[in-house]
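Asker:
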Amino acid sequence: MTRLASLNDIPPGLVEILDYIRRHGPCTRAALGEAIGLSRAVITQRLAALGGYGLIAEDGVGPSTGGRAPRRLRFCADAGYLLVADLGATSIDVAVADLAGEILAHRAEPADIAAGPDVVLTRVEALFEEALLQAEPPGAVWGIGIGVPGPVEFDTARPNSPPIMPGWDDYQMRGRFAPYGVPVWIDNDVNVMALGELTAGIGRGRENFVFVKIGTGIGAGIIVRGQIHRGAQGCAGDIGHIQIAADREVICRCGNVNCLEALAGGAALARDGEAAALEGRSPFLRTLLAEKGSLDAADVARGAAHGDAASLELIANAGRLVGQAVAAIVNFFNPSLIVIGGGVAGAGDTLLATIRQTVYHRSLPLSTRDLGVHRSVLGDRAGVVGAATMVANELFAPEFLPRWLDAGSPVAAEG
Ligand SMILES: [Zn+2]
4 MTRLASLNDI PPGLVEILDY IRRHGPCTRA ALGEAIGLSR AVITQRLAAL
54 GGYGLIAEDG VGPSTGGRAP RRLRFCADAG YLLVADLGAT SIDVAVADLA
104 GEILAHRAEP ADIAAGPDVV LTRVEALFEE ALLQAEPPGA VWGIGIGVPG
154 PVEFDTARPN SPPIMPGWDD YQMRGRFAPY GVPVWIDNDV NVMALGELTA
204 GIGRGRENFV FVKIGTGIGA GIIVRGQIHR GAQGCAGDIG HIQIAADREV
254 ICRCGNVNCL EALAGGAALA RDGEAAALEG RSPFLRTLLA EKGSLDAADV
304 ARGAAHGDAA SLELIANAGR LVGQAVAAIV NFFNPSLIVI GGGVAGAGDT
354 LLATIRQTVY HRSLPLSTRD LGVHRSVLGD RAGVVGAATM VANELFAPEF
404 LPRWLDAGSP VAAEG
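Just add 3 to wherever you are in the sequence shown, counting from 1, and you've got my numbering.
#1: Helix, strand or coil, according to DSSP, for Tyr56 in the structure here?
#2: What ranges does the beta strand (DSSP E) occupy inside the segment 169–252, keeping only unbroken runs of at least 3 residues that lie completely in it?
#3: If we ignore side chains and look at the alpha-carbon of each, how far apart do Asp22 and Arg32 end up?
#4: Determine the burial state of Thr5: buried for a count of at least 16 other Cβ atoms within 10 Å of its Cβ, exposed for fewer.
#5: Using a threshold of 7 Å, state whether the C-beta atoms of Asp96 and Ala111 are closer than that.
#6: Answer yes if the segment 116–127 comes into contact with the segment 157–170, meaning at least three C-beta pairs across the two stretches below 8 Å, and no otherwise.
#7: For the alpha helix (DSSP H) holding His109, just list the boundary residues, first then last.
#8: Work out the CA separation of Ile106 and Val388 for me, nearest whole Å.
#9: What residue from Gly243, Leu266, Leu291 and His232 has the CA that sits closest to Arg251's CA?
#10: Using a Cβ-based criterion (distance less than 6 Å to any ligand heavy atom), does Asn259 qualify as near ligand 1?
#11: Got a sec? Which residues, its chain only, sit under 7 Å from Ile39 by beta carbon, not counting five neighbours each side?
#12: Excluding five sequence neighbours on each side, which residues of the same chain lie with their C-beta closer than 8 Å to the C-beta of Ile13?
#13: Keeping to the same chain, check which residues put their C-beta closer than 7 Å to that of Ala390; ignore five residues upstream and five downstream.
#14: By alpha-carbon positions, which one of Ile46, Gly28, Ser42 and Arg49 ends up nearest to Asp62?
#15: Can you tell which of Glu316, Ala279, Asp190 and Pro338 has its C-alpha closest to the C-alpha of Asp352?
#16: Tell me whether Cys262 counts as near ligand 1, meaning its Cβ is closer than 6 Å to at least one heavy atom of that ligand.
#17: Given a cut-off of 7 Å, decide if Phe212 and Pro113 are closer than it, judged by their beta-carbon atoms.
#18: Taking the alpha helix (DSSP H) that His364 belongs to, which residues open and close that run?
#19: Label Asp373 either buried or exposed according to how many other C-beta atoms from any shown protein chain fall within 10 Å of its C-beta, with 16 as the threshold for buried.
#20: Taking only runs that begin and end inside the segment 256–327, name each unbroken beta strand (DSSP E) of 3 or more residues, in chain order.
#21: Quick test of the definition: if touching needs 3 or more C-beta pairs under 8 Å, does the segment 298–306 touch the segment 324–336?
#22: Are the Cβ atoms of Trp188 and Ser412 separated by less than 7 Å?
#23: Could you tell me the alpha carbon to alpha carbon distance between Leu102 and Lys295, rounded to whole angstroms?
#24: Residues in its own chain within less than 6 Å of Arg209 by CB, not counting five upstream and five downstream?
#25: Classify Phe335 as helix, strand or coil using the three-state DSSP reduction.
#26: Is the separation between the beta-carbon of Ala249 and that of Asn261 shorter than 7 Å?
Right, here's the structure in full:
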């Protein structure tokens, strides 16, 4: 078989048909023709080719419109499998997924990203092995995808001066995972989470939405027309360092004053919670601080859940500040949905309620008419589901598909 060299060698419509079935689920030839605008004969030819590659198969029958019920076609999500990881500031989540982002096995453990790539990635590799043993995928691994808590140069898969990841700057992630013999993609964790919500979460079927992660820091993943928007250098959505009006001055870890995350991120909540405990404004947090020696954002959330007034005020204040930034995004970008995720997003209903209230109050009426502000439904799985989506999107992208399609799998092409 001749090796396809470039997109020019792929028959017109093949990538689009595969993409459509992959994103929309099983559909009939008629629906495909209508969506893509190719003749029935061409569609039949392309489907036969995709069937030959093992990527598309028949999947029962669709609704009849009078005559014989039409056969439906589905994407073969089990043609290959993916190893994915979501690295947080303090945790590692690893999974084996199929090509549709369905998780077959999931492993998680606490970790310190600041321990550096050697320590953290050695654990990732061990967890990959454990997850593979549990999942026993019936096919080969086709790719690796990892989300990291910092800026990434997407094309070269290298972290770029990540503030909370000492030792990771310019680290050669592809070189590290080269022994697996499969293609590797890395992206910022928030972008990956946004893709997860788009594939299997609350963003399903939404063309334009923003995922806001409130963890130790704050960031946003932007979905435009069903695709992640990375921007010119890959750092679009870094809303944690937008300056916010506040009645005090706080220096951010980036060196600027009153960045959103310095006022309202998880680390800021922990800091302000400790201050409330030490200054005697919160009996609840004072007791907790005496027991634990330090506080985190989850402790402040616990205080709010117990009705502790100081904790409630800290959470509500964080919600108002995040809401200010989100309102600016809503006015600028007009999304149909804001998804709030990350470790602090689970901090009770007060946070979400104040974000929502501020966004509706501060945005233009037309932009909020159909705007939903909701919590992530995937929670701590958003990252691994999204990392799988990222890898599948790249494997089947028009720029990459010709490199391996005739070889039968990306593994053969890499080898
Ligand atoms: Zn900053």
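Every residue, glycine too, gets a C-beta built ideally from N, C-alpha and C.
Answerer: With the structure as the only source:
#1: As a position in the sequence shown, residue 56 is number 53, starting the count at 1. For Tyr56, the secondary structure class from DSSP, reduced to helix, strand or coil, is coil.
#2: Segments of the beta strand (DSSP E) lying fully in the segment 169–252: 187–191, 212–217 and 221–227.
#3: The residue labelled residue 22 in the question sits at position 19 within the sequence shown. The residue labelled residue 32 in the question sits at position 29 within the sequence shown. The C-alpha of Asp22 lies about 14 Å from the C-alpha of Arg32.
#4: Position 2 of the sequence shown, counted from the first residue, corresponds to residue 5. Residue placement at Thr5 is poorly supported in this model, since its pLDDT is 46, which falls under 50; the coordinates still yield a value, given next. With fewer than 16 other Cβ atoms within 10 Å, it is exposed.
#5: Here residue 96 is taken as the residue at index 93 of the sequence shown, counted from 1. Here residue 111 is taken as the residue at index 108 of the sequence shown, counted from 1. Cβ atoms of Asp96 and Ala111: closer than 7 Å.
#6: They touch, by the three-pair rule.
#7: The residue you call residue 109 lines up with position 106 of the sequence shown. For His109, no alpha helix (DSSP H) encloses it; the enclosing beta strand (DSSP E) starts and ends at Ile106 to Pro113.
#8: Here residue 388 refers to the residue found at position 385 when the sequence shown is read from its first residue. Here residue 106 refers to the residue found at position 103 when the sequence shown is read from its first residue. Between Val388 and Ile106, the C-alpha separation is close to 7 Å.
#9: What you label residue 251 is simply residue 248 of the sequence shown in a count that begins at 1. Comparing alpha carbon positions, the residue from Gly243, Leu266, Leu291 and His232 closest to Arg251 is Leu266.
#10: Mapped onto the sequence shown, residue 259 falls at position 256. Checking the Cβ of Asn259 against ligand 1 gives yes.
#11: Along the sequence shown, one-based indexing puts residue 39 at 36. Closer than 7 Å at the Cβ level, and outside the excluded window around Ile39, lie Gly16, Glu19, Ile20 and Tyr23.
#12: As a first step, residue 13 is located in the sequence shown; it is residue number 10 there, counting from the start. Counting only residues of its own chain and dropping the five nearest sequence neighbours on each side, Ile13 has a CB closer than 8 Å to the CB of Leu7, Pro401, Leu404, Pro405 and Leu408.
#13: Working through the sequence shown from its first residue, we reach residue 390 at position 387. Apart from the 5 residues on each side of it in sequence, Ala390 sits with its Cβ closer than 7 Å to the Cβ of Val87, Ala88, Asp89, Gly148, Ile149, Gly150 and Val195 in its chain, given in chain order.
#14: Counted from its first residue, the sequence shown places residue 62 at position 59. Checked all of Ile46, Gly28, Ser42 and Arg49; the closest Cα to Asp62 is Gly28.
#15: For this step, residue 352 is matched to residue 349 along the sequence shown. Its Cα nearest to that of Asp352, the residue Glu316 stands out among Glu316, Ala279, Asp190 and Pro338.
#16: Residue mapping note: residue 262 aligns to position 259 of the sequence shown, counting from 1. At a cut-off of 6 Å, the beta-carbon of Cys262 counts as near ligand 1: some heavy atom of the ligand is closer than that.
#17: Translated into the one-based positions of the sequence shown, residue 113 becomes position 110. Translated into the one-based positions of the sequence shown, residue 212 becomes position 209. Judged by their CB atoms, Pro113 and Phe212 are not nearer to each other than the 7 Å cut-off.
#18: Here residue 364 corresponds to residue number 361 of the sequence shown, with the count starting at 1. For His364, the enclosing alpha helix (DSSP H) has its first and last residue at Gly351 to Arg365.
#19: For the purposes of this step, residue 373 is taken as the residue at position 370 of the sequence shown. With fewer than 16 other Cβ atoms within 10 Å, it is exposed.
#20: Annotation note: the segment 256–327 contains no uninterrupted beta strand (DSSP E) run of length 3 or greater.
#21: When C-beta atoms of the segment 298–306 are compared with those of the segment 324–336, fewer than three pairs fall below 8 Å, so the two segments do not count as touching.
#22: Locating residue 188 in the sequence shown gives position 185, counting from the first residue. Locating residue 412 in the sequence shown gives position 409, counting from the first residue. No, the pair does not count as a contact, with Cβ atoms beyond the cut-off.
#23: Residue numbering aside, residue 102 sits at position 99 when the sequence shown is read from its first letter. Residue numbering aside, residue 295 sits at position 292 when the sequence shown is read from its first letter. In a straight line, the C-alpha of Leu102 is about 43 Å away from that of Lys295.
#24: As a working mapping, residue 209 is identified with position 206 in the sequence shown. Within the same chain, and ignoring the five residues on either side of Arg209 in sequence, the residues whose Cβ sits closer than 6 Å to its Cβ are Ser339 and Leu340.
#25: Taking the first residue of the sequence shown as position 1, residue 335 is located at position 332. In the structure shown, Phe335 sits in a helix (DSSP, three-state: H, G or I).
#26: Position 246 of the sequence shown, counted from the first residue, corresponds to residue 249. Position 258 of the sequence shown, counted from the first residue, corresponds to residue 261. In contact: Ala249 and Asn261 (Cβ atoms closer than 7 Å).
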